[in-house]
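One structure is given below, encoded as structure tokens.
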Amino acid sequence: MRLRSPHLLGIDGMQADEIELILDTAESLEEIGTREIKKVPTLRGKTVVNFFVEPSTRTRSSFELAEKRLSADTINFSASSSSFVKGETLLDTARNLESMAPDFIVIRHSQAGGPHFLARHTACSIINAGDGPHEHPTQALLDAYTIRKHKGTLKGLRVAIVGDILNSRVARSNLFLLTRMGAKVTLCGPPTLIPLGIRQCGAEVTHDVDQAVAGADVVMTLRIQLERMRSPAFPTNREYAKLYGINRDRVALAAPDAIVMHPGPMNRGVEITGDVADGNRSVILEQVTNGVAVRMAVLYLLAGEIGREAAA
Amino acid sequence: MPAANRVRILDAATIDRCLTRIAHEIIERNKSLEGLSLVGIRTRGVPVAQRLARKLAEIHTAEPRTGLLDINLYRDDLSLVSTAHPVLRKTEIPFEVDGSKIVLVDDVLFTGRTIRAALDALMDLGRPDWIQLAVLVDRGHREVPIRADYVGKNVPTSHDEQVEVRLKETDDTDEVMLIRSPVPPTQAEGGA
């Protein structure tokens, strides 16, 4: 069993057995996070550049923790502190980073395809930590890991993804992953926030949140990404909360043992009410915990693929 | 593969006798099983450890605790080019390692590198009072200064031979085969 690529650019194109390999590996690695000494020597001497062109707290610290728990050396570049603000192109920045001979570049970029571009132009293993509205594969993997822990399997589950689908890379990666693993996905949001043609990716689409949530095993709420909206997609936050917000009454429509997820950061009182976010159905903080083990699994498996192409 | 190249060096009855003897040796050497635990190295060290635990229970009434160790995160060949990383399985040590007395158990002792990794893995989990090593087969060719405290059978081998341990729990039969054809040992098998 191995991954078919030395990069993790997206869930699209990954096979079910690769996804399962990552989740199973994460399960084995999770125990390290419960030890007194949370460190194993596996990636000793490997260097990881965390190159975050877009702001991030959760994902960047989760990657950094995963890298450190595997004993890799880490360097962090962020948009504000990098020569990006001085006008350097992505290719030049990448070449400069590569000159320092890292093994991995974890990149978050505001443009879809940024990580793919790096993969074509550098010899390192590239991990996509979110590229514009395109994909966020490790988020989908940690969501799948969290769901699997609660439900045992992904196959046959009914998952409602509610919110800003249009701007959400989390929604896309989750949609690819969940449908690949045999779950049934319903996307829900205002018509202005549902991308055209998304049905072709295997999702059901509805604009009625009660209908989307009814009987669902998993309710995944997404953040309203005001920073990505060029023109207002809905009149007011209050109206959005009324029509699409996940509250106690709507959770009650879901399956009796349904779990509620959110990739963070949350707009409390808009896409999710505080009582649901903090309630007993919420697994939001577990998602964060699981993120470290899942990212360790990705690093461990990709490290086994580094140099494979060169050697082949 | 022609049958002539495979020789059975231990059958089910002999394996059982070896484990019975090792169980007695463990008691003889340590007097008491107080605080003693058996830790099997995945994959086939695990059933060997469980069988030893049952043997000890038969002789000594109390069954020692057992744990499972996956050593892949501690291997020294992970950075070798063009080999996919081995599939990880869970390490499960359901007892406090600090102050414990551990008998590490594996099926084959060969280069000693697996045991080196296992010792590092155990030490990361705590500080045992001591660690001893029990193996079903010692085939020689050590590459690091490690020796076993309990050996089921010493088997002189040449470097290009393979020792294949098959156990009911993992392979539906109990036997140890010596494979004489010059098949290059795969990375995952061969009992390093």
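So the sequences go chain by chain: A and B. Under the numbering used here, read the first sequence as residues 1 to 312, first letter to last. Under the numbering used here, read the second sequence as residues 1001 to 1192, first letter to last. All residues carry an ideal CB built from backbone N, CA and C; glycine is no exception. The structure displayed is predicted, hence computed values, not measured ones.
Per DSSP, the unbroken alpha helix (DSSP H) holding PHE63 of chain A starts and ends at 58 to 69. Not a single C-beta of chain A is nearer than 8 Å to the C-beta of ARG1044 of chain B. Just so you know, the alpha carbons of ILE259 of chain A and VAL106 of chain A end up roughly 30 Å apart.
Of all residues in the stretch 140 to 154 of chain A, none is placed with a Cβ closer than 7 Å to any Cβ belonging to chain B. Residues of chain B with a Cβ closer than 8 Å to the Cβ of VAL298 of chain A do not exist; the shortest Cβ-Cβ separation is about 12 Å.
Separation of PRO1156 of chain B and GLY1140 of chain B (C-alpha to C-alpha, rounded to the nearest whole angstrom) is 7 Å. Secondary structure of VAL218 of chain A (DSSP, three-state): strand. Nearest CB-CB separation between ARG4 of chain A and chain B: not below the 8 Å threshold. CA-to-CA, the gap between ILE224 of chain A and ASN247 of chain A works out to about 16 Å. As computed with DSSP, THR74 of chain A is found in a beta bridge with A:VAL48. One alpha carbon belongs to THR74 of chain A, the other to ILE1059 of chain B, and they sit about 53 Å apart. In the displayed model, GLN111 of chain A falls within coil according to three-state DSSP, outside both helix and strand. Cβ proximity to chain B below 9 Å picks out nothing from the stretch 204 to 224 of chain A.
Under the criterion of beta carbons closer than 8 Å, VAL292 of chain A and THR138 of chain A do not qualify as touching, at roughly 10 Å. The continuous stretches of beta strand (DSSP E) do not include ASN167 of chain A, and DSSP gives it neither H nor E. Residue environment for MET14 of chain A: buried (at least 16 other C-beta atoms within 10 angstroms of its C-beta). By the C-beta criterion, the stretch 1012 to 1019 of chain B is judged not to be in contact with the stretch 15 to 34 of chain A, since fewer than 3 inter-stretch pairs fall below 8 Å. The beta carbon of LEU65 of chain A sits no closer than 8 Å to any beta carbon of chain B. Here the alpha carbon of GLU1096 of chain B sits roughly 8 Å from the alpha carbon of GLY1126 of chain B. When the five nearest sequence neighbours on each side are left out, the beta carbons in the same chain lying within less than 7 Å of the beta carbon of PHE117 of chain A are those of LEU90, in order along the chain. Closest option to GLU1025 of chain B, judged by alpha-carbon separation, among B:SER1158, B:ALA1148, B:VAL1165 and B:LEU1010: B:ALA1148.
Among the CB atoms of chain A, none fall inside 8 Å of the CB of ARG1180 of chain B. Of A:HIS109, A:SER110 and A:CYS124, the smallest CA-CA separation from ARG95 of chain A is found for A:CYS124. Chain order gives no chain A residues near LYS1031 of chain B, where near means a beta carbon separation below 9 Å; the closest approach is about 31 Å. Close CB contacts of THR206 of chain A within its chain, under the 8 Å cut and outside five residues either way in sequence, are with THR186, LEU187, CYS188 and ALA212 (chain order).
Remark: fewer than three beta-carbon pairs, one from each stretch, lie closer than 8 Å, so the stretch 36 to 45 of chain A and the stretch 138 to 147 of chain A are not flagged as touching.
According to DSSP, ALA1134 of chain B shares a beta bridge with B:VAL1105 and B:TYR1150. For HIS1085 of chain B, the number of other beta carbons within 10 angstroms of its own is at least 16, and it is reported as buried.
Against chain B, the CB of GLY33 of chain A has no partner CB under 8 Å away; the residue lies outside that interface. Three or more beta-carbon pairs drawn from the stretch 1114 to 1134 of chain B and the stretch 1036 to 1055 of chain B are found closer than 8 Å, and the two stretches are therefore classed as touching. Of all alpha-carbon atoms in B:VAL1144, B:ASP1076 and B:ASP1138, the one lying nearest the alpha-carbon of GLN1162 of chain B is that of B:ASP1138. Excluding residues up to 5 positions away in sequence, nothing lies with its Cβ nearer than 6 Å to the Cβ of MET100 of chain A in the same chain. Taken in chain order, the members of the stretch 7 to 29 of chain A whose beta-carbon sits within less than 8 Å of a beta-carbon on chain B are LEU21, ASP24, THR25, GLU27, SER28 and LEU29.
Taking the Cβ atoms as the reference, ARG180 of chain A lies roughly 7 Å from ILE19 of chain A, within the contact range of under 8 Å. Those residues of the stretch 1106 to 1133 of chain B placed with their C-beta closer than 9 Å to a C-beta in chain A are ASP1120, ALA1121, ASP1124, LEU1125 and GLY1126, ordered along the chain. At least one CB of chain A lies nearer than 8 Å to the CB of LEU1088 of chain B.
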